[in-house]
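Q: First residue of the sequence shown: 218, per the numbering used here; consecutive thereafter. Backbone N, C-alpha and C define an ideal beta-carbon position, used for all residues, glycine too. All figures in this text were calculated on a predicted structure; none of them were measured in a lab.
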Amino acid sequence: MITEDPRHSWHPFSPSAAQNGEAICSALLPQLADNCRVFEIGSGTGQHAVRACLARPDLWWQPSERASELIALQANLERNPVPGVQTAMTFDALEPPATVPAFDALYTANTLHIMPPTAVESLFATLRNLMTPGQVFYSYGPFYFKDKPPVPSNLAFDASLRAANPDQGVRDLSWLVSLAAKSAVSLRATIEMPSNNTLLIWERLA
Ligand SMILES: C[S@@+](CC[C@H](N)C(=O)[O-])C[C@H]1O[C@@H](n2cnc3c(N)ncnc32)[C@H](O)[C@@H]1O
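In structure tokens:
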């Protein structure tokens, strides 16, 4: 079992990141090659970055966040130093930078239902330039599938998100697939995760 080091302190702390981090690491880490360089979008508290690099000291992990969240993220990373986790950098899906440090795999968790649709579109549009053929993008979260009725917990979560902010909401996988196709990115696999979440595995085509 992979656990966060109890000596670590988190301000802010995300109970959900603590809860889903173990399942995510169990599904994600075996897929990453030795010495894999991971670029994470929307790192939030940084808990996933730290957990992953504690479990896999060979990883090089670049956390990123919107400018408004960067100081809090970096403070958390400095309170919880782990070799492999890099200094956090700004990455806003609405205005992605022209270049980012070289990476082997792209990762984001619990962000696509928080970003407004314009940011999701912008993120998928930038995959064409961000990724090179063969690179893989892992995105974790709740999604709607056109061939599966939505589960009550995701419907309730969706309703609560939209009540708080109409720009937020659980995304349709078919919409994401159509956005990805415009960037020559294809859905390679899906992994069912606990609590009706899914790890989507995307690949940049040639
Ligand atoms: C629910 S939190 C998830 C944080 C972390 N990935 C996790 O799973 O614990 C959603 C994150 O998406 C980030 N986010 C929202 N809009 C964004 C954007 N336009 N670009 C990058 N990140 C964004 C937020 O700042 C926030 O940290």
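In angstroms with no decimal places, state the Cα-to-Cα distance between I241 and V317.
A: If you take the alpha carbons of I241 and V317, they lie about 24 angstroms apart.
Q: Going along the chain, which residues of its own chain have a beta-carbon closer than 7 angstroms to the beta-carbon of A326, five neighbours each way excluded?
A: Contacts found: I241, H265, Y357, G358.
Q: How do the segment 298-306 and the segment 340-357 stand: do at least 3 beta-carbon pairs fall below 8 angstroms, yes or no?
A: Judged by Cβ distances under 8 angstroms, the segment 298-306 makes no contact with the segment 340-357, as fewer than three pairs qualify.
Q: May I have the straight-line CA-CA distance separating L340 from S226, to the nearest angstrom?
A: So the alpha carbons of these two residues sit roughly 31 angstroms apart.
Q: Between A319 and R254, which are expected to be in contact by the criterion C-beta below 8 angstroms, what is the C-beta distance as a whole number of angstroms?
A: Right, the Cβ-Cβ distance comes to about 6 angstroms (below 8 angstroms), so this counts as a contact.
Q: Using the rule of at least 16 other Cβ atoms within 10 Å of the residue's Cβ for burial, across every protein chain shown, is M218 buried or exposed?
A: The pLDDT assigned to M218 is 43, lower than 50, so where the model puts this residue is not dependable; a value taken from the coordinates is nonetheless given after this. With fewer than 16 Cβ atoms within 10 Å of its Cβ, M218 is classed as exposed.
Q: For A326, which residues does DSSP report across the bridge?
A: According to DSSP, which records beta bridges pairwise, A326 is partnered with Y357.
Q: Taking the Cβ atom as the reference point for each residue, do V353 and E420 lie within a distance shorter than 8 angstroms?
A: Contact flag set, yes.
Q: Shorter than 7 angstroms, the distance from the beta carbon of A266 to the closest heavy atom of ligand 1, or not?
A: A266 Cβ: outside cutoff for every heavy atom of ligand 1.
Q: In the DSSP output, what is V267 paired with across the bridge?
A: Its beta-bridge partners do not exist; DSSP assigns none.
Q: To the nearest angstrom, report how far apart R388 and H330 are at their CA atoms.
A: Their Cα atoms are separated by approximately 6 angstroms.
Q: With DSSP collapsed to three states, give me the class of T335.
A: Helix at T335.
Q: For the alpha helix (DSSP H) holding F374, just list the boundary residues, first then last.
A: That run of the alpha helix (DSSP H) goes 369-381.
Q: For the putative contact between L271 and P280, defined by C-beta atoms under 8 angstroms, what is the C-beta separation to the nearest angstrom?
A: Contact doesn't hold; Cβ gap of about 14 angstroms is too wide.
Q: Can M332 be considered in contact with ligand 1, in the sense that its beta carbon sits closer than 7 angstroms to one or more heavy atoms?
A: It does: the Cβ of M332 is within 7 angstroms (strictly closer) of some heavy atom of ligand 1.
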